Amino acid sequence: MHTIADFCVIPMGVTSSVSQYIAECQRVIEKSGLKYSMHSYGTNVEGEWDAVCQVMKECHEAVHAMGCPRVSTSVRIGTRTDKIGQTMEDKVNVVHEILAKEKDTKH
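Counting from 1, one number per residue, gives the positions in the sequence shown under the UniProt record's numbering.
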């Protein structure tokens with residue numbers, strides 16, 4: 001089942017910046033081969049359900065392996081069966097198109 005997830009890994013119990021842990025998660029996601037897009041408060045990732053869930057698990061494992069004692073993750077997951085092949089970009093582009101049409105009609 002095609003899945004798009006937005007997740008935010010939150011390293012807890014560390015005294016330094018969390019950037020190094022997030023960078024490691026990005027390495028894990030890159031290695032997975034899944035399509036992804038990091039943003040300021042998390043990462044969007046898309047692929048098959050099991051692969052998406054697996055990469056989130058691997059992010060937890062990687063952060064723990066770096067010595068972080070506790071990891072929390074916020075996740076939003078969406079699946080569709082009515083629009084096969086719709087990507088993260090497609091979803092964003094639809095909104096941009098609506099906004100562009102509104103802007104054109106105001107001028």
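Using N, Cα and C, we set each Cβ at its ideal position, and we do this for glycine too. Since this is a predicted model, take the numbers as computed values, not measurements.
Counting only the same chain and skipping the five closest in sequence on each side, list residues whose C-beta sits under 8 Å from that of Cys68. In the sequence shown, residue 68 corresponds to position 68, counting from 1. Pro11, Met12, Gly13, Val14, Tyr21, listed in sequence order.
In three-state terms, what does DSSP make of Arg27? For the purposes of this step, residue 27 is taken as residue 27 along the sequence shown, with counting starting at 1. Residue state, collapsed to three classes: helix.
Identity of the residue in Val52, Ser19, Tyr41, Ala23 nearest Leu34 by Cα: Looking up residue 34 in the sequence shown gives position 34. Ranking the options by Cα distance to Leu34, first place goes to Val52.
Alpha carbon to alpha carbon, what distance is there between Gln86 and Val18? On the sequence shown, position 18 is the one that residue 18 refers to. On the sequence shown, position 86 is the one that residue 86 refers to. Going by the C-alpha atoms only, they are around 32 Å apart.
Between which two residues does the beta strand (DSSP E) holding Met56 run? Mapped onto the sequence shown, residue 56 falls at position 56. Run containing Met56: none in the beta strand (DSSP E); it sits in the alpha helix (DSSP H), 49-65.
My output table needs one value for Asp82: the three-state DSSP class, helix, strand or coil. Translated into the one-based positions of the sequence shown, residue 82 becomes position 82. Coil at Asp82, not helix or strand.
Would Thr43 be called buried (16 or more neighbouring beta carbons within 10 Å of its own) or exposed? Counted from its first residue, the sequence shown places residue 43 at position 43. Under this definition Thr43 is a buried residue.
In whole angstroms, what is the alpha-carbon distance linking Glu89 and Tyr36? Numbered from 1 along the sequence shown, position 89 holds the residue referred to as residue 89. Numbered from 1 along the sequence shown, position 36 holds the residue referred to as residue 36. Distance between the alpha carbons of Glu89 and Tyr36: 10 Å.
Three-state secondary structure assigned by DSSP to Met88: Counting from one through the sequence shown, the residue named residue 88 turns up at place 88. Helix at Met88.
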